[in-house]
Amino acid sequence: MHWYRNDEPQGRFIGSTANMDIYAETYTNASARQKESTYRKADQEFIFSYGPASGMLESSEIDLFTPGEIINHVDVGTDVRKRILRLARSNPVDALMKIERINGFHGASHAICFISALEDAMDIIPDRKLQYNRIVQIECERIRSNLMVIERMAQAAGFGVPVNQLAFLREKMSRIIGRRGGHRYFFGVNSINNSCFNTEVIGKQTGSVAEDFNDIFRGLSESKLFINRLQDNGINRDSLSIGPAARASGMMHDARMDSGTLPYEDTSYAIVTNDEKDAYGRFMVRAEEIEVSSNIIKHLEKRCRDLGKYDYSMKDGEGMARVESPPGDLFCSVKIAGGKLESSGYIPPSIRNIESFRESMKGNIFTDFHFNWESYGIWVAEAGVVLQ
Amino acid sequence: MIKGLWFLRGLRKGIVTEKFPEVKPGEVALWSTALKGDGNPQCPVEAIVDGKWIFDRCIFCRKCLPSYAPNGNFNIFKVRKKEPSFNKSFHLFPFDSGACGACNAELHNIASPQYDMTRFGIFFTNTPRHADAIVIMGVWTQGMKKALDLALDAMPGPKLVIALGACAATGGIMGKGALAEEKYDVVIGGCPPNPYTILSALEKARGD
Ligand code: SF4
Ligand code: SF4
Chain A
28 MHWYRNDEPQ
38 GRFIGSTANM
48 DIYAETYTNA
58 SARQKESTYR
68 KADQEFIFSY
78 GPASGMLESS
88 EIDLFTPGEI
98 INHVDVGTDV
108 RKRILRLARS
118 NPVDALMKIE
128 RINGFHGASH
138 AICFISALED
148 AMDIIPDRKL
158 QYNRIVQIEC
168 ERIRSNLMVI
178 ERMAQAAGFG
188 VPVNQLAFLR
198 EKMSRIIGRR
208 GGHRYFFGVN
218 SINNSCFNTE
228 VIGKQTGSVA
238 EDFNDIFRGL
248 SESKLFINRL
258 QDNGINRDSL
268 SIGPAARASG
278 MMHDARMDSG
288 TLPYEDTSYA
298 IVTNDEKDAY
308 GRFMVRAEEI
318 EVSSNIIKHL
328 EKRCRDLGKY
338 DYSMKDGEGM
348 ARVESPPGDL
358 FCSVKIAGGK
368 LESSGYIPPS
378 IRNIESFRES
388 MKGNIFTDFH
398 FNWESYGIWV
408 AEAGVVLQ
Chain B
75 MIKGLWFLRG
85 LRKGIVTEKF
95 PEVKPGEVAL
105 WSTALKGDGN
115 PQCPVEAIVD
125 GKWIFDRCIF
135 CRKCLPSYAP
145 NGNFNIFKVR
155 KKEPSFNKSF
165 HLFPFDSGAC
175 GACNAELHNI
185 ASPQYDMTRF
195 GIFFTNTPRH
205 ADAIVIMGVW
215 TQGMKKALDL
225 ALDAMPGPKL
235 VIALGACAAT
245 GGIMGKGALA
255 EEKYDVVIGG
265 CPPNPYTILS
275 ALEKARGD
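Going down the list, the sequences are from chains A and B.
Per the working numbering, residue 28 is the first one in the first sequence, and the count goes up by one each step.
Per the working numbering, residue 75 is the first one in the second sequence, and the count goes up by one each step.
Following this line, the structure appears as structure tokens:
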């Protein structure tokens, strides 16, 4: 294991697998973390339920506890569409096909994180070029994901023109990705010690998406109507929050800074933060990160050309990896024995983001719900999955 | 500088909608198109049987390369029942039974300006009571079973039941199909299906 060690907690808390607590630098045996007490509905409250099939992008069960307007409590049920993935005793290469389909919209982050954990277990130090290629993929995914989050925030505000313009750019990104790896969601693009993602002149194309986005961003930032819906909506005070939600609350939480899995230190990466703490802050961070991602891609594209064909041989061991997926820290651990997966651990970012969202909804009014939910970029698909 | 006037900003961009289906699409990601090849290479989902490729099982994982390779044909769907009465307007109720998000995103994408589903009279609705077709994505999950039964019951007739992607149709690699395959009127292949495939299948389903 190259990046993680079993030691006292060091660095920020990332999350828990079934038997481990994961911190930025270390892992410990799982502590008996106190589960939140079950909220009891007050007499004057009623429960407004969304879902499970509500026309939202994904199925989920959301219960809003309200006496009329103010939201006192929110429950988000992800078990309703629980998928159970049997990975134990499977070939790691076959397991990868399932991992990249946990959250297909973030297929690159998932595949790269899992592969990095496998490589860590197998003592493979990937070639720098390959690592840069992987960073380019994740940054492409981040641009598309951030476009989607902002598009859905604009949709909640009923802003038809920017919604369409953002959808146009998102489709443009999907085509850029599909052209270079043969698949619009990176399925089958990454494998142990390899990638077939072609980065030739990609910087120009993603740069043009970022430029076009800037124009839309300026328009949205000038719209009082849009900004008013976001400001003071969903103030995030969760000190454990991750990803853009954390950075929009002034916290420098970013796996690109504090995980050794991918060499972001070789890029022009500069962390984007904002002190607003609300949905507006999350909008600003997501928007500015599109430019940052585009710059990283430009910086790296020439440095990851002409990837070699890297060999490897299966080896037993334990490995861990953590990458900054678009909504925040994504962690994978594996144990390989006899060439098969003996166990695996997985912490998706949406678990923490759901907690941060729930807390931030308290005291808000009903009509704030959609803006706030979308601003966290939560994917129920990854929160409602169980690895066996 | 035009300030905040979205209508004018929209005009400035001009028409970006493609002329599909009159004009063939310029760009389709290869691994969402039909596979062609020979032999019986190992396939994790038994999508190659007796040298025949079965489109609705395939998860496009590339494990059968080089025996099989994509040929660019994105018309990978099957229409068992057509409903010409949806010719003027066709309202779809998206139903996520246990999808990974990629099928959801691709269905969502047919609304993007490149495809613009509304020019075909296709719309989304967020209630099954107003739906002409239910578009099911993802594998069968215990928790969504009741919601799926209720949605199917709530839809007025005539109606179409559509499987979008390998998970809904056959379970792919993630589980079992949301419904038995023969219960679908339309089966759209892909993992996830390409937006052009989705549009072509929807057009065919209403008799075009
Ligand atoms: S791409 Fe994968 S799922 Fe499809 S036929 Fe080939 S091996 Fe089977
Ligand atoms: S068919 Fe493929 S893309 Fe669609 S939900 Fe299943 S795994 Fe995801």
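Idealized CB from N, CA, C, for every residue including glycine.
Helix, strand or coil, according to DSSP, for residue i in the structure here?
{"i": "residue 307 of chain A", "result": "helix"}
{"i": "residue 90 of chain A", "result": "strand"}
{"i": "residue 114 of chain A", "result": "coil"}
{"i": "residue 332 of chain A", "result": "coil"}
{"i": "residue 141 of chain A", "result": "helix"}
{"i": "residue 271 of chain A", "result": "helix"}
{"i": "residue 44 of chain A", "result": "coil"}
{"i": "residue 278 of chain A", "result": "coil"}
{"i": "residue 135 of chain B", "result": "coil"}
{"i": "residue 119 of chain B", "result": "coil"}
{"i": "residue 168 of chain B", "result": "strand"}
{"i": "residue 102 of chain A", "result": "strand"}
{"i": "residue 218 of chain A", "result": "strand"}
{"i": "residue 412 of chain A", "result": "strand"}
{"i": "residue 322 of chain A", "result": "helix"}
Taking the beta strand (DSSP E) that residue i falls in, what are its first and last residues?
{"i": "residue 109 of chain B", "result": "109-111"}
{"i": "residue 55 of chain A", "result": "53-56"}
{"i": "residue 369 of chain A", "result": "367-374"}
{"i": "residue 213 of chain B", "result": "Run containing residue 213 of chain B: none; DSSP gives neither H nor E here."}
{"i": "residue 347 of chain A", "result": "344-352"}
{"i": "residue 144 of chain B", "result": "142-144"}
{"i": "residue 238 of chain B", "result": "234-238"}
{"i": "residue 363 of chain A", "result": "355-364"}
Have a look at the options and flag the residue whose alpha-carbon is nearest the alpha-carbon of residue i.
{"i": "residue 341 of chain A", "options": "A:367, A:325, A:329, A:330", "result": "A:367"}
{"i": "residue 237 of chain B", "options": "B:138, B:262, B:247", "result": "B:262"}
{"i": "residue 32 of chain A", "options": "A:49, A:44, A:41, A:40", "result": "A:49"}
{"i": "residue 222 of chain B", "options": "B:231, B:154, B:209", "result": "B:209"}
{"i": "residue 277 of chain B", "options": "B:90, B:114, B:162", "result": "B:162"}
{"i": "residue 221 of chain A", "options": "A:197, A:173, A:160, A:209", "result": "A:160"}
{"i": "residue 135 of chain A", "options": "A:34, A:179, A:214", "result": "A:214"}
{"i": "residue 94 of chain A", "options": "A:293, A:101, A:207, A:73", "result": "A:73"}
{"i": "residue 140 of chain A", "options": "A:360, A:43, A:119", "result": "A:360"}
{"i": "residue 167 of chain B", "options": "B:143, B:139, B:196", "result": "B:196"}
{"i": "residue 176 of chain A", "options": "A:378, A:264, A:84, A:226", "result": "A:84"}
{"i": "residue 402 of chain A", "options": "A:272, A:284, A:316, A:55", "result": "A:272"}
So which residues on chain B does residue i lean against when the C-beta distance must stay under 7 Å?
{"i": "residue 188 of chain A", "result": "80, 81, 83, 84"}
{"i": "residue 106 of chain A", "result": "217"}
{"i": "residue 258 of chain A", "result": "Here the premise fails: no neighbours, minimum Cβ distance about 17 Å."}
Name, please, each residue of chain E whose Cβ falls closer than 7 Å to the Cβ of residue i.
{"i": "residue 175 of chain B", "result": "Any reference to chain E falls outside this structure, whose protein chains are A and B."}
For residue i, go through chain A and note every residue whose CB falls closer than 7 Å to its CB, in chain order.
{"i": "residue 136 of chain B", "result": "215"}
{"i": "residue 104 of chain B", "result": "209"}
{"i": "residue 169 of chain B", "result": "80"}
{"i": "residue 277 of chain B", "result": "The premise fails here: residue 277 of chain B is roughly 19 Å from chain A at the closest Cβ pair, so nothing lies under 7 Å."}
{"i": "residue 265 of chain B", "result": "214"}
Between which two residues does the alpha helix (DSSP H) holding residue i run?
{"i": "residue 77 of chain A", "result": "No alpha helix (DSSP H) holds residue 77 of chain A; the beta strand (DSSP E) holding it covers 73-77."}
{"i": "residue 202 of chain B", "result": "Here residue 202 of chain B belongs to no alpha helix (DSSP H), and DSSP marks it neither H nor E."}
{"i": "residue 6 of chain A", "result": "Outside the displayed span of chain A (28 to 415) sits residue 6 of chain A, for which this structure offers no information."}
{"i": "residue 178 of chain A", "result": "155-183"}
{"i": "residue 244 of chain A", "result": "229-248"}
{"i": "residue 223 of chain B", "result": "216-228"}
{"i": "residue 124 of chain A", "result": "119-126"}
{"i": "residue 182 of chain B", "result": "176-183"}
{"i": "residue 84 of chain B", "result": "80-87"}
{"i": "residue 402 of chain A", "result": "396-402"}
{"i": "residue 204 of chain A", "result": "187-208"}
Using a Cβ cut-off of 9 Å, pull out every chain A residue sitting near residue i, in sequence order please.
{"i": "residue 205 of chain B", "result": "By Cβ distance, chain A contributes nothing, its closest Cβ being about 10 Å from residue 205 of chain B, past 9 Å."}
{"i": "residue 118 of chain B", "result": "121, 124"}
{"i": "residue 274 of chain B", "result": "The premise fails here: residue 274 of chain B is roughly 17 Å from chain A at the closest Cβ pair, so nothing lies under 9 Å."}
{"i": "residue 249 of chain B", "result": "110, 111, 112"}
Is any non-hydrogen atom of ligand 3 found closer than 7 Å to the C-beta of residue i, if you look at the structure I gave you?
{"i": "residue 266 of chain B", "result": "Summarising the ligand content, the structure contains ligand 1 and ligand 2 and does not contain ligand 3."}
What residues of chain B sit near residue i, judged by a beta carbon separation below 9 Å?
{"i": "residue 195 of chain A", "result": "87, 90, 186, 187, 188"}
{"i": "residue 109 of chain A", "result": "172, 215, 216, 217"}
{"i": "residue 401 of chain A", "result": "Neighbours of residue 401 of chain A on chain B: none; closest Cβ ~13 Å, over 9 Å."}
Which residues of chain A have a Cβ atom closer than 8 Å to the Cβ of residue i, listed in chain order?
{"i": "residue 183 of chain B", "result": "194, 197, 198, 201"}
Please give me, in chain order, every unbroken run of the beta strand (DSSP E) with length at least 3 that falls completely inside the stretch 247-282 of chain B.
260-262
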